[in-house]
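K.L.:
Okay, so the sequence shown: first residue is 8 according to our numbering, each after it adds one.
Just so you know, even glycine gets a beta-carbon here, dropped at the ideal spot from N, CA and C.
Every value quoted in this text rests on a predicted model; they were computed, and no experiment measured them.
Dropping a structure here in C-alpha coordinates format, bear with me for questions.
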Amino acid sequence: MNAPFDAATAFGPDAAVQPAPDHQVAVIGLGYIGLPTAAVLASHGWNVCGVDVSEKVVETVNGGGVHIEERDLDRLVREATESEKLVASTEVPTAHFYMIAVPTPLNEDKAPDISYVEAAARAIAPKVLPGACIIVESTSPVGTTERVAQIIAEMRPDLKLPVYGSQEGGDVALAYCPERVLPGKIVRELVQNDRVIGGITPDCAKRASALYSSFVEGDCHATNCRVAETVKLVENSFRDVNIAFANELSVIADDLGVDVWDVIALANRHPRVNVLQPGPGVGGHCIAVDPWFLVSSSPKAARLIRTAREVNDFKASYTERRIRALLDAVPGGKVALLGLAFKPDIDDFRESPAMEIALSLAKTRGQRIMLVEPFAEELPQGFAGTGAQLVALDHALQTAEIIVVLVDHTAFKHLLPDDLAGKLVFDTRGMLNK
(Lines of atoms letter the chains of each structure in order from A and count residues from 1; the text may use other names and numbers.)
(Lines give C-alpha, C1' and ligand atoms only; values in the text may rest on other atoms or scores of the structure.)
Protein backbone atom coordinates (compact mmCIF):
# COMPACT_ATOMS: atom_id res chain seq x y z
CA MET A 1 0.00 0.00 0.00
CA ASN A 2 1.78 3.10 -1.22
CA ALA A 3 -0.64 5.81 -0.08
CA PRO A 4 -1.34 6.38 3.63
CA PHE A 5 -4.62 5.03 4.93
CA ASP A 6 -7.50 7.47 4.52
CA ALA A 7 -10.49 6.71 6.74
CA ALA A 8 -12.71 9.10 4.81
CA THR A 9 -12.01 7.28 1.56
CA ALA A 10 -12.47 3.81 3.03
CA PHE A 11 -15.38 4.43 5.35
CA GLY A 12 -16.97 7.73 4.39
CA PRO A 13 -16.60 11.26 5.80
CA ASP A 14 -18.10 10.48 9.21
CA ALA A 15 -15.31 8.02 10.02
CA ALA A 16 -12.63 10.63 9.45
CA VAL A 17 -13.73 12.68 12.45
CA GLN A 18 -13.49 9.77 14.91
CA PRO A 19 -10.55 9.55 17.35
CA ALA A 20 -7.44 8.15 15.69
CA PRO A 21 -7.02 4.43 16.46
CA ASP A 22 -3.75 3.09 17.84
CA HIS A 23 -3.14 0.95 14.76
CA GLN A 24 -4.50 0.58 11.27
CA VAL A 25 -4.93 -3.20 11.54
CA ALA A 26 -5.19 -5.51 14.54
CA VAL A 27 -4.78 -9.21 13.81
CA ILE A 28 -6.27 -11.33 16.59
CA GLY A 29 -4.39 -14.63 16.81
CA LEU A 30 -0.78 -15.08 15.73
CA GLY A 31 -0.89 -18.70 14.61
CA TYR A 32 -0.36 -20.34 11.24
CA ILE A 33 -2.62 -17.80 9.48
CA GLY A 34 -2.58 -14.75 11.75
CA LEU A 35 1.17 -14.23 11.92
CA PRO A 36 1.79 -14.54 8.15
CA THR A 37 -1.18 -12.25 7.49
CA ALA A 38 0.11 -9.65 9.93
CA ALA A 39 3.59 -9.80 8.39
CA VAL A 40 2.27 -9.52 4.83
CA LEU A 41 0.11 -6.53 5.77
CA ALA A 42 3.10 -4.84 7.39
CA SER A 43 5.21 -5.50 4.30
CA HIS A 44 2.57 -3.62 2.28
CA GLY A 45 2.79 -0.54 4.47
CA TRP A 46 0.10 -1.11 7.07
CA ASN A 47 0.75 -0.39 10.76
CA VAL A 48 -0.19 -3.69 12.34
CA CYS A 49 -0.65 -4.94 15.88
CA GLY A 50 -0.67 -8.71 16.24
CA VAL A 51 -2.58 -9.91 19.31
CA ASP A 52 -2.12 -13.26 21.01
CA VAL A 53 -2.96 -14.69 24.43
CA SER A 54 0.50 -16.26 24.66
CA GLU A 55 3.10 -13.96 26.19
CA LYS A 56 5.81 -16.21 24.75
CA VAL A 57 4.47 -15.74 21.21
CA VAL A 58 4.23 -11.97 21.72
CA GLU A 59 7.78 -11.81 23.04
CA THR A 60 9.08 -13.91 20.15
CA VAL A 61 7.40 -11.75 17.50
CA ASN A 62 8.49 -8.47 19.10
CA GLY A 63 12.01 -9.84 19.04
CA GLY A 64 11.74 -10.33 15.29
CA GLY A 65 11.41 -14.10 15.59
CA VAL A 66 8.80 -16.68 14.61
CA HIS A 67 7.35 -19.64 16.49
CA ILE A 68 6.16 -21.56 13.42
CA GLU A 69 7.99 -22.93 10.40
CA GLU A 70 6.86 -21.29 7.17
CA ARG A 71 8.84 -20.34 4.10
CA ASP A 72 9.89 -16.63 4.01
CA LEU A 73 7.97 -15.86 7.21
CA ASP A 74 11.06 -15.32 9.37
CA ARG A 75 12.38 -12.70 6.96
CA LEU A 76 9.03 -10.88 6.72
CA VAL A 77 8.55 -10.76 10.50
CA ARG A 78 12.10 -9.58 11.09
CA GLU A 79 11.79 -6.79 8.52
CA ALA A 80 8.33 -5.78 9.78
CA THR A 81 9.42 -5.50 13.42
CA GLU A 82 12.63 -3.69 12.53
CA SER A 83 10.64 -1.11 10.54
CA GLU A 84 8.15 -0.90 13.46
CA LYS A 85 5.29 -1.69 11.08
CA LEU A 86 4.50 -4.76 13.18
CA VAL A 87 4.23 -5.00 16.94
CA ALA A 88 2.72 -7.77 19.05
CA SER A 89 0.67 -7.50 22.22
CA THR A 90 -1.53 -9.50 24.56
CA GLU A 91 -3.97 -6.58 24.61
CA VAL A 92 -6.40 -5.64 21.83
CA PRO A 93 -5.80 -2.05 20.62
CA THR A 94 -8.13 0.32 18.84
CA ALA A 95 -7.81 -0.10 15.07
CA HIS A 96 -9.44 0.69 11.75
CA PHE A 97 -9.55 -3.02 10.86
CA TYR A 98 -9.77 -6.09 13.07
CA MET A 99 -8.98 -9.50 11.60
CA ILE A 100 -9.96 -12.55 13.66
CA ALA A 101 -7.67 -15.52 12.92
CA VAL A 102 -8.14 -17.82 15.90
CA PRO A 103 -8.69 -21.60 16.03
CA THR A 104 -12.12 -23.17 15.46
CA PRO A 105 -11.67 -26.78 16.61
CA LEU A 106 -14.18 -29.60 16.83
CA ASN A 107 -15.64 -30.72 20.14
CA GLU A 108 -16.01 -34.36 21.13
CA ASP A 109 -19.19 -34.90 19.09
CA LYS A 110 -17.64 -33.41 15.92
CA ALA A 111 -19.54 -30.12 16.25
CA PRO A 112 -17.67 -26.86 15.62
CA ASP A 113 -16.40 -24.92 18.62
CA ILE A 114 -16.45 -21.18 17.90
CA SER A 115 -15.68 -20.15 21.48
CA TYR A 116 -12.32 -18.67 20.45
CA VAL A 117 -14.02 -16.50 17.82
CA GLU A 118 -16.59 -15.41 20.39
CA ALA A 119 -13.81 -14.59 22.86
CA ALA A 120 -12.06 -12.51 20.20
CA ALA A 121 -15.29 -10.62 19.53
CA ARG A 122 -15.67 -9.89 23.25
CA ALA A 123 -12.10 -8.64 23.42
CA ILE A 124 -12.62 -6.36 20.42
CA ALA A 125 -15.99 -4.94 21.52
CA PRO A 126 -14.76 -2.47 24.18
CA LYS A 127 -12.11 -1.11 21.81
CA VAL A 128 -13.99 -0.75 18.54
CA LEU A 129 -14.73 2.77 17.26
CA PRO A 130 -17.36 3.88 14.75
CA GLY A 131 -16.06 3.36 11.23
CA ALA A 132 -14.08 0.23 12.07
CA CYS A 133 -14.33 -3.00 10.12
CA ILE A 134 -14.22 -6.45 11.76
CA ILE A 135 -13.30 -9.38 9.54
CA VAL A 136 -13.52 -13.04 10.52
CA GLU A 137 -10.90 -15.17 8.78
CA SER A 138 -11.22 -18.27 10.96
CA THR A 139 -12.88 -21.20 9.22
CA SER A 140 -16.35 -21.13 10.73
CA PRO A 141 -19.84 -22.61 10.47
CA VAL A 142 -22.39 -20.58 8.57
CA GLY A 143 -23.76 -17.79 10.76
CA THR A 144 -20.55 -17.10 12.69
CA THR A 145 -20.07 -13.58 11.31
CA GLU A 146 -23.59 -12.71 12.39
CA ARG A 147 -22.82 -14.17 15.82
CA VAL A 148 -19.83 -11.81 16.09
CA ALA A 149 -22.11 -8.91 15.18
CA GLN A 150 -24.55 -10.03 17.88
CA ILE A 151 -21.82 -10.07 20.53
CA ILE A 152 -20.61 -6.59 19.55
CA ALA A 153 -24.20 -5.28 19.61
CA GLU A 154 -24.83 -6.74 23.08
CA MET A 155 -21.63 -5.28 24.52
CA ARG A 156 -21.82 -1.94 22.70
CA PRO A 157 -25.42 -0.71 22.65
CA ASP A 158 -24.06 2.71 21.66
CA LEU A 159 -23.16 1.32 18.22
CA LYS A 160 -25.50 0.53 15.36
CA LEU A 161 -24.60 -2.89 13.91
CA PRO A 162 -25.48 -4.00 10.38
CA VAL A 163 -28.15 -6.67 9.92
CA TYR A 164 -27.88 -9.53 7.42
CA GLY A 165 -30.24 -9.05 4.48
CA SER A 166 -30.53 -5.32 5.07
CA GLN A 167 -29.22 -2.64 2.75
CA GLU A 168 -28.71 -0.22 5.62
CA GLY A 169 -25.25 0.52 6.89
CA GLY A 170 -24.03 0.55 10.46
CA ASP A 171 -21.45 2.22 12.64
CA VAL A 172 -19.23 -0.86 12.32
CA ALA A 173 -18.74 -3.11 9.29
CA LEU A 174 -18.53 -6.91 9.61
CA ALA A 175 -17.35 -9.35 6.99
CA TYR A 176 -16.03 -12.86 6.48
CA CYS A 177 -12.99 -13.60 4.33
CA PRO A 178 -11.62 -17.15 4.65
CA GLU A 179 -7.98 -17.95 4.16
CA ARG A 180 -7.33 -20.40 1.32
CA VAL A 181 -3.60 -21.03 1.54
CA LEU A 182 -1.34 -24.07 1.46
CA PRO A 183 1.06 -24.64 4.38
CA GLY A 184 4.57 -24.19 3.07
CA LYS A 185 3.34 -21.58 0.59
CA ILE A 186 1.28 -19.37 2.90
CA VAL A 187 3.20 -16.12 2.42
CA ARG A 188 3.03 -16.36 -1.36
CA GLU A 189 -0.57 -17.53 -1.56
CA LEU A 190 -1.86 -14.86 0.82
CA VAL A 191 -0.91 -12.40 -1.90
CA GLN A 192 -1.50 -14.37 -5.08
CA ASN A 193 -4.74 -16.26 -4.44
CA ASP A 194 -8.23 -14.90 -5.12
CA ARG A 195 -10.23 -13.96 -2.03
CA VAL A 196 -13.94 -14.27 -1.32
CA ILE A 197 -15.14 -11.39 0.85
CA GLY A 198 -18.61 -11.74 2.33
CA GLY A 199 -20.20 -8.82 4.11
CA ILE A 200 -23.20 -8.84 6.42
CA THR A 201 -24.36 -6.13 4.00
CA PRO A 202 -22.97 -5.09 0.59
CA ASP A 203 -21.41 -2.03 2.21
CA CYS A 204 -19.60 -4.25 4.72
CA ALA A 205 -18.11 -6.27 1.88
CA LYS A 206 -16.98 -3.07 0.20
CA ARG A 207 -15.28 -1.84 3.38
CA ALA A 208 -13.45 -5.13 3.93
CA SER A 209 -12.37 -5.17 0.28
CA ALA A 210 -10.52 -1.89 0.88
CA LEU A 211 -8.08 -3.84 3.04
CA TYR A 212 -7.65 -6.93 0.88
CA SER A 213 -7.30 -5.05 -2.39
CA SER A 214 -4.26 -3.28 -0.92
CA PHE A 215 -2.15 -6.47 -0.86
CA VAL A 216 -3.96 -9.23 -2.79
CA GLU A 217 -2.82 -9.66 -6.38
CA GLY A 218 -5.61 -12.13 -7.12
CA ASP A 219 -9.21 -11.09 -7.63
CA CYS A 220 -11.37 -10.07 -4.66
CA HIS A 221 -14.90 -11.42 -5.07
CA ALA A 222 -17.57 -9.64 -3.01
CA THR A 223 -20.60 -11.57 -1.76
CA ASN A 224 -22.56 -11.97 1.47
CA CYS A 225 -21.15 -13.50 4.64
CA ARG A 226 -23.21 -16.71 4.53
CA VAL A 227 -22.08 -17.50 0.99
CA ALA A 228 -18.44 -16.80 1.91
CA GLU A 229 -18.67 -19.01 5.01
CA THR A 230 -20.15 -21.82 2.92
CA VAL A 231 -17.55 -21.43 0.17
CA LYS A 232 -14.70 -22.14 2.56
CA LEU A 233 -16.36 -25.30 3.87
CA VAL A 234 -17.21 -26.48 0.36
CA GLU A 235 -13.63 -26.06 -0.87
CA ASN A 236 -12.21 -28.37 1.77
CA SER A 237 -15.14 -30.79 1.69
CA PHE A 238 -14.65 -31.20 -2.06
CA ARG A 239 -11.03 -32.16 -1.51
CA ASP A 240 -11.91 -34.48 1.36
CA VAL A 241 -14.47 -36.36 -0.75
CA ASN A 242 -11.96 -36.86 -3.57
CA ILE A 243 -9.24 -38.04 -1.20
CA ALA A 244 -11.72 -40.44 0.40
CA PHE A 245 -12.27 -42.09 -2.99
CA ALA A 246 -8.51 -42.66 -3.32
CA ASN A 247 -8.20 -43.94 0.25
CA GLU A 248 -11.14 -46.31 -0.16
CA LEU A 249 -9.69 -47.48 -3.45
CA SER A 250 -6.41 -48.34 -1.70
CA VAL A 251 -8.26 -50.59 0.75
CA ILE A 252 -10.15 -52.27 -2.11
CA ALA A 253 -6.86 -52.80 -3.95
CA ASP A 254 -5.45 -54.55 -0.87
CA ASP A 255 -8.48 -56.88 -0.84
CA LEU A 256 -8.04 -57.62 -4.54
CA GLY A 257 -4.29 -58.07 -4.30
CA VAL A 258 -3.45 -55.38 -6.86
CA ASP A 259 -1.05 -52.44 -6.69
CA VAL A 260 -3.14 -49.31 -6.07
CA TRP A 261 -0.39 -47.06 -7.40
CA ASP A 262 -0.38 -48.88 -10.74
CA VAL A 263 -4.17 -48.79 -10.84
CA ILE A 264 -4.30 -45.03 -10.25
CA ALA A 265 -1.49 -44.23 -12.67
CA LEU A 266 -3.16 -46.18 -15.47
CA ALA A 267 -6.69 -44.99 -14.68
CA ASN A 268 -5.45 -41.40 -14.84
CA ARG A 269 -4.40 -41.99 -18.44
CA HIS A 270 -8.11 -41.57 -19.23
CA PRO A 271 -8.63 -37.96 -20.39
CA ARG A 272 -11.45 -37.33 -17.92
CA VAL A 273 -10.16 -39.20 -14.87
CA ASN A 274 -7.92 -37.70 -12.18
CA VAL A 275 -7.82 -39.96 -9.13
CA LEU A 276 -5.85 -38.41 -6.26
CA GLN A 277 -3.16 -40.21 -4.27
CA PRO A 278 -4.11 -42.20 -1.16
CA GLY A 279 -2.33 -41.94 2.16
CA PRO A 280 -2.66 -43.00 5.81
CA GLY A 281 -5.62 -40.64 6.32
CA VAL A 282 -6.22 -36.90 6.07
CA GLY A 283 -4.79 -34.29 8.42
CA GLY A 284 -4.43 -30.59 8.97
CA HIS A 285 -6.82 -28.13 10.54
CA CYS A 286 -8.76 -27.63 7.29
CA ILE A 287 -9.60 -30.76 5.30
CA ALA A 288 -9.81 -33.02 8.34
CA VAL A 289 -12.08 -30.60 10.21
CA ASP A 290 -14.10 -28.33 7.93
CA PRO A 291 -16.41 -30.98 6.41
CA TRP A 292 -17.81 -31.66 9.88
CA PHE A 293 -18.97 -28.03 9.97
CA LEU A 294 -21.24 -28.71 6.99
CA VAL A 295 -22.38 -32.01 8.48
CA SER A 296 -23.22 -30.24 11.73
CA SER A 297 -25.18 -27.54 9.92
CA SER A 298 -27.16 -29.96 7.75
CA PRO A 299 -26.82 -33.47 9.20
CA LYS A 300 -29.58 -35.13 7.16
CA ALA A 301 -28.50 -33.74 3.82
CA ALA A 302 -24.69 -34.04 4.12
CA ARG A 303 -24.59 -37.82 3.60
CA LEU A 304 -21.71 -38.05 1.11
CA ILE A 305 -19.61 -35.52 3.03
CA ARG A 306 -20.10 -37.45 6.28
CA THR A 307 -19.21 -40.75 4.63
CA ALA A 308 -16.05 -39.28 3.12
CA ARG A 309 -14.95 -38.04 6.54
CA GLU A 310 -15.59 -41.48 8.01
CA VAL A 311 -13.64 -43.17 5.21
CA ASN A 312 -10.63 -40.92 5.75
CA ASP A 313 -10.74 -41.39 9.51
CA PHE A 314 -11.00 -45.16 9.01
CA LYS A 315 -7.90 -45.16 6.79
CA ALA A 316 -5.74 -44.15 9.76
CA SER A 317 -6.97 -47.04 11.91
CA TYR A 318 -6.68 -49.40 8.93
CA THR A 319 -3.05 -48.29 8.44
CA GLU A 320 -2.30 -48.80 12.11
CA ARG A 321 -3.68 -52.36 11.99
CA ARG A 322 -1.41 -53.17 9.05
CA ILE A 323 1.62 -51.86 10.95
CA ARG A 324 0.69 -53.94 13.99
CA ALA A 325 0.48 -57.01 11.75
CA LEU A 326 4.02 -56.31 10.53
CA LEU A 327 5.22 -56.03 14.14
CA ASP A 328 3.58 -59.34 14.94
CA ALA A 329 5.34 -60.88 11.95
CA VAL A 330 8.74 -59.82 13.34
CA PRO A 331 8.64 -60.62 17.08
CA GLY A 332 10.90 -58.22 18.95
CA GLY A 333 11.74 -56.30 15.78
CA LYS A 334 11.67 -52.52 15.62
CA VAL A 335 9.69 -50.31 13.26
CA ALA A 336 10.80 -46.93 11.96
CA LEU A 337 7.89 -44.59 11.26
CA LEU A 338 8.96 -41.94 8.77
CA GLY A 339 7.14 -38.66 9.34
CA LEU A 340 4.71 -37.21 11.89
CA ALA A 341 3.48 -34.03 10.17
CA PHE A 342 0.14 -33.96 8.39
CA LYS A 343 1.78 -33.30 5.01
CA PRO A 344 5.29 -33.14 3.52
CA ASP A 345 7.94 -30.57 4.41
CA ILE A 346 6.16 -28.69 7.21
CA ASP A 347 6.27 -28.78 11.01
CA ASP A 348 2.49 -28.78 11.43
CA PHE A 349 1.18 -31.82 13.30
CA ARG A 350 -2.45 -30.70 13.65
CA GLU A 351 -4.94 -33.54 13.05
CA SER A 352 -2.09 -35.54 11.53
CA PRO A 353 -3.00 -39.18 10.83
CA ALA A 354 0.71 -40.03 11.03
CA MET A 355 0.81 -38.58 14.54
CA GLU A 356 -2.38 -40.42 15.52
CA ILE A 357 -0.96 -43.73 14.29
CA ALA A 358 2.42 -43.21 15.92
CA LEU A 359 0.92 -42.24 19.29
CA SER A 360 -1.36 -45.28 19.36
CA LEU A 361 1.51 -47.62 18.49
CA ALA A 362 3.81 -45.98 21.03
CA LYS A 363 1.35 -46.54 23.87
CA THR A 364 1.49 -50.33 23.46
CA ARG A 365 4.72 -51.03 21.53
CA GLY A 366 6.79 -48.05 22.65
CA GLN A 367 10.15 -49.81 23.04
CA ARG A 368 9.87 -51.03 19.46
CA ILE A 369 8.95 -47.67 17.92
CA MET A 370 11.46 -45.32 16.29
CA LEU A 371 10.24 -42.03 14.85
CA VAL A 372 11.97 -40.03 12.14
CA GLU A 373 10.71 -36.46 11.75
CA PRO A 374 13.12 -33.90 10.25
CA PHE A 375 10.88 -31.02 11.33
CA ALA A 376 10.95 -31.87 15.04
CA GLU A 377 13.82 -31.43 17.49
CA GLU A 378 12.03 -33.44 20.16
CA LEU A 379 8.99 -35.69 20.34
CA PRO A 380 5.61 -34.10 21.09
CA GLN A 381 4.54 -34.34 24.71
CA GLY A 382 2.15 -37.25 24.14
CA PHE A 383 5.07 -39.63 23.60
CA ALA A 384 6.55 -39.01 27.05
CA GLY A 385 7.05 -42.23 28.98
CA THR A 386 6.16 -44.53 26.08
CA GLY A 387 9.73 -45.58 25.26
CA ALA A 388 9.40 -44.44 21.65
CA GLN A 389 12.47 -42.63 20.33
CA LEU A 390 13.07 -39.79 17.89
CA VAL A 391 16.04 -40.85 15.77
CA ALA A 392 17.89 -39.81 12.65
CA LEU A 393 17.03 -41.49 9.36
CA ASP A 394 20.41 -43.22 9.06
CA HIS A 395 20.04 -44.73 12.53
CA ALA A 396 16.54 -45.93 11.70
CA LEU A 397 17.69 -47.59 8.49
CA GLN A 398 20.51 -49.37 10.33
CA THR A 399 18.39 -50.52 13.26
CA ALA A 400 14.78 -51.13 12.21
CA GLU A 401 13.52 -54.35 10.67
CA ILE A 402 10.37 -52.57 9.45
CA ILE A 403 10.21 -49.26 7.60
CA VAL A 404 6.89 -47.40 7.27
CA VAL A 405 6.56 -44.24 5.17
CA LEU A 406 3.81 -42.13 6.74
CA VAL A 407 4.85 -38.73 5.31
CA ASP A 408 6.73 -38.26 2.04
CA HIS A 409 9.09 -35.54 3.25
CA THR A 410 11.71 -34.50 0.71
CA ALA A 411 14.32 -35.69 3.20
CA PHE A 412 13.13 -39.27 2.60
CA LYS A 413 12.87 -39.20 -1.18
CA HIS A 414 16.49 -40.16 -1.82
CA LEU A 415 15.86 -43.66 -0.47
CA LEU A 416 16.79 -46.43 -2.89
CA PRO A 417 15.97 -50.16 -2.90
CA ASP A 418 19.46 -50.91 -1.56
CA ASP A 419 18.74 -48.74 1.50
CA LEU A 420 15.76 -50.94 2.33
CA ALA A 421 17.16 -54.33 1.38
CA GLY A 422 16.16 -57.09 3.79
CA LYS A 423 13.51 -55.00 5.52
CA LEU A 424 9.74 -55.14 5.56
CA VAL A 425 8.53 -51.94 3.90
CA PHE A 426 5.08 -50.36 4.06
CA ASP A 427 4.82 -47.21 1.94
CA THR A 428 1.50 -45.48 2.65
CA ARG A 429 2.29 -42.60 0.27
CA GLY A 430 3.57 -44.41 -2.81
CA MET A 431 6.79 -42.42 -2.42
CA LEU A 432 9.07 -45.32 -3.30
CA ASN A 433 7.09 -46.08 -6.47
CA LYS A 434 7.95 -42.63 -7.76
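#1: From this set, F104, H421, S359, which residue's C-alpha is nearest P287's C-alpha?
#2: In its own chain, which residues sit with a C-beta less than 6 Å from the C-beta of A10, not counting the 5 before and 5 after it?
#3: Can you give the Cα-Cα distance for D434 and F382, rounded to whole angstroms?
#4: Check whether the Cβ atoms of K213 and A235 lie closer than 9 Å to each other.
#5: Rounding to the nearest angstrom, what Cα-Cα distance links V296 and P351 in this structure?
#6: Does the separation of the CB atoms of S367 and V149 fall below 9 Å?
#7: With a floor of 3 residues, list each beta strand (DSSP E) that falls wholly inside the stretch 121 to 150, ordered by position along the chain.
#8: Name the residue from G52, H30, N54, V84 whose alpha carbon lies nearest to the alpha carbon of L37.
#9: Given a cut-off of 9 Å, decide if A33 and A102 are closer than it, judged by their beta-carbon atoms.
#10: Please work out which residues of its chain come closer than 8 Å, Cβ to Cβ, to L273, disregarding the five sequence neighbours upstream and downstream, and give them in chain order.
#11: Cα separation between E317 and L189?
#12: Under the rule that 16 or more other beta-carbon atoms within 10 Å means buried, what is G264, buried or exposed?
#13: Tell me where the beta strand (DSSP E) around T97 begins and ends.
#14: Return the chain-ordered list of same chain residues with a C-beta closer than 8 Å to the C-beta of V398, the five sequence neighbours on each side being excluded.
#15: Do H416 and Y39 have their beta-carbon atoms positioned less than 9 Å apart in this structure?
#16: Nearest-angstrom Cα distance between P209 and E175?
#17: Where does K441 land, buried or exposed, given buried means 16+ other C-beta within 10 angstroms?
#18: Counting only the same chain and skipping the five closest in sequence on each side, list residues whose C-beta sits under 7 Å from that of E224.
#19: Would DSSP call A22 helix, strand or coil?
#20: The beta strand (DSSP E) spanning N231 covers which residue range?
#21: Cβ of A156 within 9 Å of Cβ of V135?
#22: Relative to the C-alpha of I353, which residue among K430, N249, V55, E77 is closest?
#23: In angstroms, rounded to a whole number, what distance separates the CA positions of G206 and I193?
#24: Within the stretch 304 to 368, note down every full beta strand (DSSP E) run reaching 3 residues or more, in order along the chain.
#25: To the nearest angstrom, how far is the alpha carbon of H277 from that of N249?
#26: How far does the alpha helix (DSSP H) with I193 in it extend, from its first residue to its last?
#27: Pull up the CB-CB distance for I141 and V179, whole angstroms please, since I reckon it's below 8 Å.
#28: P387 and L422 - do their beta-carbons sit closer together than 9 Å?
#29: Skipping 5 residues on each side, what residues in its chain have a beta carbon closer than 6 Å to that of G177?
#30: What does a CB cutoff of less than 7 Å around L48 pick up in its chain, not counting 5 residues either side in sequence?
#31: Going by C-alpha to C-alpha distance, which of E408, G429, A308, A395 sits closest to L333?
#32: Using the C-alpha atoms, what's the distance from D165 back to G290?
#33: Report, in whole angstroms, the separation of the C-beta atoms of A108 and S147, which I expect to be a contact under 8 Å.
#34: Rounded to whole angstroms, what is the Cα-Cα separation between A309 and Q374?
#35: If you drop the 5 nearest sequence neighbours on each side, which residues of the same chain put their C-beta closer than 7 Å to that of I158?
#36: How many Å lie between G394 and A369 at the Cα?
P.N.:
Quick look at the numbers:
#1: S359
#2: Here the model assigns A10 a pLDDT of 42, short of 50, so the residue's position is not dependable and the matter cannot be decided.
#3: 20 Å
#4: no
#5: The alpha-carbon separation between V296 and P351 amounts to approximately 19 Å.
#6: no
#7: 140 to 143
#8: V84
#9: yes
#10: none
#11: C-alpha separation (whole angstroms): 23 Å.
#12: exposed
#13: Neither: T97 is in no beta strand (DSSP E) and is coded neither H nor E.
#14: A343, M377, L378, V379, T406
#15: no
#16: 9 Å
#17: exposed
#18: V198, Q199
#19: Any reading at A22 must be qualified, since the residue scores a pLDDT of 49, below 50, and its modelled position is unreliable; the value itself is stated next. Residue state, collapsed to three classes: helix.
#20: 227 to 231
#21: V135 is positioned such that its CB atom lies no closer than 9 Å to that of A156.
#22: E77
#23: 24 Å
#24: 342 to 345
#25: Taking the straight line joining both Cα atoms gives about 17 Å.
#26: 193 to 199
#27: 6 Å
#28: No.
#29: K167, L168, P169
#30: V32, V55, F222
#31: E408
#32: 44 Å
#33: Contact flag wrong, Cβ pair sits at about 11 Å.
#34: 43 Å
#35: E125, A128, R129, A132
#36: 7 Å
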